[in-house]
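Participant:
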Amino acid sequence: MQNRLEKNTIYSFIKSFSQVVFPLITFPYISRVLQAENVGKINFSTSIISYIGLVASLGISTYAIRECSKVKSSREELNKVTSEIFSINIITTLVAYIILILALIFFRSLQAYKELIIILSVSVLFTTLGADWLNTAMEDFKYITIRTFVFQMFSLISMLMFVKSSNDYLKYAVITVISTSGANICNLIYRKKYCSTMFTLKINWKRHFRPILLLFALIMSQTIFVNSDITILGVIKGNFEVGLYSTSVKIYSLVNTTISSIAWVVMPKMSYLFQIGNYKEINKLYKYAFNFIVVIGLPCIVGINALCHEIIEIVGGKEYLGAVLSLRILSISLGLSLIGGLIGNIIMLPSGKESIFLKASIISAFFNLISNILFIPIFGLNAAATTTVFSQLIMVIILYLNIDKNIKIQNIHKLLLSPVIGSVYISLICIVIHLLISNLLKKVIISILLSMSGYLVILVLLKNKFILGFVRH
Numbered sequence: 427m428q429n430r431l432e433k434n435t436i437y438s439f440i441k442s443f444s445q446v447v448f449p450l451i452t453f454p455y456i457s458r459v460l461q462a463e464n465v466g467k468i469n470f471s472t473s474i475i476s477y478i479g480l481v482a483s484l485g486i487s488t489y490a491i492r493e494c495s496k497v498k499s500s501r502e503e504l505n506k507v508t509s510e511i512f513s514i515n516i517i518t519t520l521v522a523y524i525i526l527i528l529a530l531i532f533f534r535s536l537q538a539y540k541e542l543i544i545i546l547s548v549s550v551l552f553t554t555l556g557a558d559w560l561n562t563a564m565e566d567f568k569y570i571t572i573r574t575f576v577f578q579m580f581s582l583i584s585m586l587m588f589v590k591s592s593n594d595y596l597k598y599a600v601i602t603v604i605s606t607s608g609a610n611i612c613n614l615i616y617r618k619k620y621c622s623t624m625f626t627l628k629i630n631w632k633r634h635f636r637p638i639l640l641l642f643a644l645i646m647s648q649t650i651f652v653n654s655d656i657t658i659l660g661v662i663k664g665n666f667e668v669g670l671y672s673t674s675v676k677i678y679s680l681v682n683t684t685i686s687s688i689a690w691v692v693m694p695k696m697s698y699l700f701q702i703g704n705y706k707e708i709n710k711l712y713k714y715a716f717n718f719i720v721v722i723g724l725p726c727i728v729g730i731n732a733l734c735h736e737i738i739e740i741v742g743g744k745e746y747l748g749a750v751l752s753l754r755i756l757s758i759s760l761g762l763s764l765i766g767g768l769i770g771n772i773i774m775l776p777s778g779k780e781s782i783f784l785k786a787s788i789i790s791a792f793f794n795l796i797s798n799i800l801f802i803p804i805f806g807l808n809a810a811a812t813t814t815v816f817s818q819l820i821m822v823i824i825l826y827l828n829i830d831k832n833i834k835i836q837n838i839h840k841l842l843l844s845p846v847i848g849s850v851y852i853s854l855i856c857i858v859i860h861l862l863i864s865n866l867l868k869k870v871i872i873s874i875l876l877s878m879s880g881y882l883v884i885l886v887l888l889k890n891k892f893i894l895g896f897v898r899h
């Protein structure tokens with residue numbers, strides 16, 4: 427079990443890492459070619475589509491992973507569960523598109539973004555048809571990783587070939603949709619190896635409706651939490667400031683997504699363990715996830731702060747240096763987000779306590795929304811970043827107070843020792859390199875290489891069990 431878990435962790439990390447690397451390769455090019463104004467348009471349109479996607483998904487993905495994990499040993503039962511959940515998702519997607527059409531008709535402020543929104547909305551349909559939650563429930567992370575890498579490569583090549591000027595922002599949107607939709611089209615064929623998923627009207631609504639609705643409300647609050655700052659910033663301050671802030675958010679989100687990938691590896695097993703009440707294995711798996719987040723997350727937070735100015739300049743250019751402070755602030759939010767995700771996604775959701783997670787998310791989202799309305803007009807993008815930090819802190823406190831008392835991580839100070847020492851080393855080496863090297867690119871490359879290699883050596887020398895487990899394999 428441990429060997430498979432480690433392999434799945436590596437696959438999931440590679441997949442999420444590729445989703446970080448490819449945008450980091452393309453974004454400097456895209457941000458310079460499209461310029462901040464059009465980058466702002468794309469990000470504003472994406473924030474609108476995220477709300478439509480939220481209605482279409484209705485919390486189904488997380489629920490489906492949990493429920494399919496419980497019945498995956500029986501193909502007949504899996505056929506039934508997947509078909510019912512898939513059918514619910516088709517219905518909710520139809521409702522989402524009706525809402526989108528009405529929004530485009532009645533909200534004049536969206537007219538300037540109409541073409542972009544229509545193009546980006548295609549991904550919502552293919553996300554539903556792809557039903558990628560099945561692959562996660564079946565723990566087929568190898569397939570997910572390979573498929574993702576192939577389409578990320580397609581996206582990279584297409585952008586370099588077809589996006590040549592600031593007027594090509596619609597082409598950029600089309601390429602983005604194709605790269606994600608292609609992966610979902612593959613699922614239509616591939617998933618037949620596990621089960622037969624078909625549309626049906628014979629749905630056990632009593633079983634599915636309440637948990638899906640709770641998860642929908644949870645994801646709704648999280649989406650408002652994530653997107654309200656960009657939406658309000660766009661309405662009050664305009665596309666340029668959205669372009670600056672979205673650069674910080676993109677870097678923050680890419681790192682957060684990569685590290686949080688452990689949740690999708692652990693969630694299927696956690697769902698099963700909570701069902702049978704095996705707290706010994708639950709604590710073991712929880713400790714594994716905690717180790718992953720600390721070992722990978724802590725140096726990332728330190729590294730972002732140490733190279734913040736350089737990262738922004740490389741990713742966006744000097745035009746985006748106004749985003750430096752907001753990224754530093756968001757790095758604090760990153761740490762809080764990882765802790766919140768560790769408790770919420772790895773404990774609360776698999777154990778069926780989505781109502782507690784929902785409560786925490788609604789309170790933090792409401793605080794974030796009100797704070798954004800009050801402070802963005804005065805302090806702009808830095809207010810958006812700061813309110814995110816305090817909102818994340820509120821969520822972490824609420825979740826922590828509601829953790830099952832049977833779930834404990836023993837000797838937590840020992841788990842933290844080597845990552846903390848390694849992170850101090852990263853901070854010091856980045857300061858030294860900054861004093862010795864003036865060339866921007868050389869400074870970043872050497873800092874990253876020396877930081878990563880030195881950090882790994884420190885973990886091995888201090889016998890960090892998490893890293894040693896991977897080294898043995």
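Using my numbering, you'd call the opening residue of the sequence shown number 427 and step up by one each time. All C-beta atoms in this analysis are idealised placements derived from N, C-alpha and C, irrespective of residue type, glycine included. Since the structure is predicted, the reported quantities are computational estimates derived from the model, not experimental observations.
#1: Counting along the chain, where does the alpha helix (DSSP H) carrying V589 start and finish?
#2: Within 8 Å, do at least three Cβ pairs link the segment 623-639 to the segment 574-588?
#3: Quick one, which of I740, C734, G703 has its alpha-carbon nearest I755's?
#4: From the DSSP output, in three-state form, read off Y477 for me.
#5: For E707, does the three-state DSSP call read helix, strand or coil?
#6: Hey, would you say I874 sits closer than 8 Å to Y851, going by beta carbons?
#7: Where does P694 sit, in a helix, a strand or coil, going by DSSP?
#8: Hey, could you find the ends of the alpha helix (DSSP H) E541 is sitting in?
#9: Is the Cβ of L555 closer than 8 Å to any Cβ of chain B?
#10: Could you tell me which whole beta strand (DSSP E) segments of length 3 or greater appear in the segment 437-505?
#11: May I have a chain-ordered list of the alpha helix (DSSP H) segments no shorter than 4 residues that lie completely inside the segment 765-828?
#12: Using the C-alpha atoms, what's the distance from L484 back to I638?
#13: Mapping the DSSP letters down to three states, classify F533 as helix, strand or coil.
#14: Please report the distance separating the alpha-carbon of T554 from that of L862.
#15: Please name the residue, chosen from K713, P725, I802, that lies closest to Q836 on a Cα-to-Cα basis.
#16: State the Cα-Cα distance for the pair G466 and Y620, rounded to the nearest angstrom.
#17: Measuring only the C-alpha atoms, how far is A411 from N832?
#18: Pick out the complete alpha helix (DSSP H) segments inside the segment 836-896, 4 residues or longer, and give them in chain order.
#19: For Y826 and I769, which I take to be in contact (beta-carbon distance under 8 Å), what is that distance rounded to the nearest angstrom?
#20: Whose CA, out of L843, S473, H860, S763, lies closest to the CA of Y881?
#21: How would you call S455, buried or exposed, if buried means at least 16 neighbouring beta carbons within 10 angstroms?
#22: Can you find at least 3 beta carbon pairs, one from the segment 806-814 and one from the segment 714-734, that sit closer than 8 Å?
#23: Please state if the CB of S654 and the CB of I788 are separated by a distance shorter than 8 Å.
#24: Note down, in chain order, each residue of its chain lying with its Cβ closer than 6 Å to the Cβ of L888, except the 5 sequence neighbours on either side.
#25: Any chance the segment 774-782 sits against the segment 718-726, with 3 or more Cβ pairs inside 8 Å?
#26: In terms of residues, what are the limits of the alpha helix (DSSP H) holding N682?
#27: Mind checking whether the beta-carbon of V521 lies closer than 7 Å to any heavy atom of the ligand FMN?
#28: Pairs of beta-carbons, one from the segment 668-676 and one from the segment 462-480, closer than 8 Å: are there three or more?
#29: Compare the Cα-Cα distances from S622 to each of I525, K506, G556, A689 and report the closest residue.
#30: Round the Cβ separation of A522 and A482 to the nearest angstrom and send it over; I've been treating them as touching at under 8 Å.
#31: Taking just the CA atoms, how far does V497 sit from N717?
#32: Taking the alpha-carbon of I656 as reference, which of N798, K590, S591, G703 has the nearest alpha-carbon?
Facilitator: Taking the definition as stated:
#1: The sequence position of residue 589 within the sequence shown is 163, counting from 1. Element bounds for V589: n/a, residue is neither H nor E.
#2: no
#3: The residue labelled residue 755 in the question sits at position 329 within the sequence shown. It is C734 whose Cα lies nearest to the Cα of I755.
#4: As a first step, residue 477 is located in the sequence shown; it is residue number 51 there, counting from the start. In the structure shown, Y477 sits in a helix (DSSP, three-state: H, G or I).
#5: Locating residue 707 in the sequence shown gives position 281, where the first residue counts as 1. Correct three-state label for E707: helix.
#6: The sequence position of residue 874 within the sequence shown is 448, counting from 1. The sequence position of residue 851 within the sequence shown is 425, counting from 1. It is not a contact, given that the beta carbons lie outside the stated cut-off.
#7: Here residue 694 refers to the residue found at position 268 when the sequence shown is read from its first residue. Three-state result, P694: helix.
#8: Taking the first residue of the sequence shown as position 1, residue 541 is located at position 115. Segment 540-556, the alpha helix (DSSP H) holding E541.
#9: This model lacks chain B altogether; it includes just one protein chain.
#10: none
#11: 780-805, 807-827
#12: Locating residue 638 in the sequence shown gives position 212, where the first residue counts as 1. Locating residue 484 in the sequence shown gives position 58, where the first residue counts as 1. So the two alpha carbons sit approximately 7 Å from each other.
#13: Residue 533 sits at position 107 when you count from the first residue of the sequence shown. F533 falls in the coil class under three-state DSSP.
#14: For this step, residue 554 is matched to residue 128 along the sequence shown. For this step, residue 862 is matched to residue 436 along the sequence shown. Answer to the nearest angstrom: the Cα atoms are 52 Å apart.
#15: By 1-based counting over the sequence shown, the position of residue 836 is 410. It is K713.
#16: Here residue 466 is taken as the residue at index 40 of the sequence shown, counted from 1. Here residue 620 is taken as the residue at index 194 of the sequence shown, counted from 1. Their Cα atoms are separated by approximately 41 Å.
#17: The requested residue 411 is not part of the displayed model; the chain covers only 427 to 899.
#18: 838-862, 866-887
#19: As a first step, residue 826 is located in the sequence shown; it is residue number 400 there, counting from the start. As a first step, residue 769 is located in the sequence shown; it is residue number 343 there, counting from the start. Contact holds; Cβ gap of about 6 Å.
#20: Sequence index remark: in the sequence shown, residue 881 carries index 455 (1-based). When each option's Cα is compared against that of Y881, the closest is L843.
#21: Start at 1 with the first residue of the sequence shown, and residue 455 comes out as number 29. Contrary to the premise, residue 455 reads as Tyr rather than Ser in this sequence. Its Cβ having fewer than 16 others within 10 Å, Y455 is exposed.
#22: no
#23: As a working mapping, residue 788 is identified with position 362 in the sequence shown. As a working mapping, residue 654 is identified with position 228 in the sequence shown. Not a contact, by the Cβ cut-off of 8 Å.
#24: As a working mapping, residue 888 is identified with position 462 in the sequence shown. Excluding residues within five positions, the ones whose Cβ falls inside 6 Å are S844.
#25: no
#26: In the sequence shown, residue 682 corresponds to position 256, counting from 1. Note, N682: alpha helix (DSSP H), 665-686.
#27: Summarising the ligand content, the structure contains no ligands, and the ligand FMN is consequently not present.
#28: yes
#29: The residue given as residue 622 occupies position 196 in the sequence shown. Comparing Cα-Cα distances from S622 to each of I525, K506, G556, A689, the minimum goes to K506.
#30: Stepping through the sequence shown from its first residue, residue 522 is reached at position 96. Stepping through the sequence shown from its first residue, residue 482 is reached at position 56. So it is a contact: roughly 4 Å between Cβ atoms.
#31: Here the question's residue 717 lines up with position 291 in the sequence shown. Here the question's residue 497 lines up with position 71 in the sequence shown. Using only the alpha carbons, I get a separation of about 29 Å.
#32: What you label residue 656 is simply residue 230 of the sequence shown in a count that begins at 1. The shortest Cα separation from I656 among N798, K590, S591, G703 belongs to N798.
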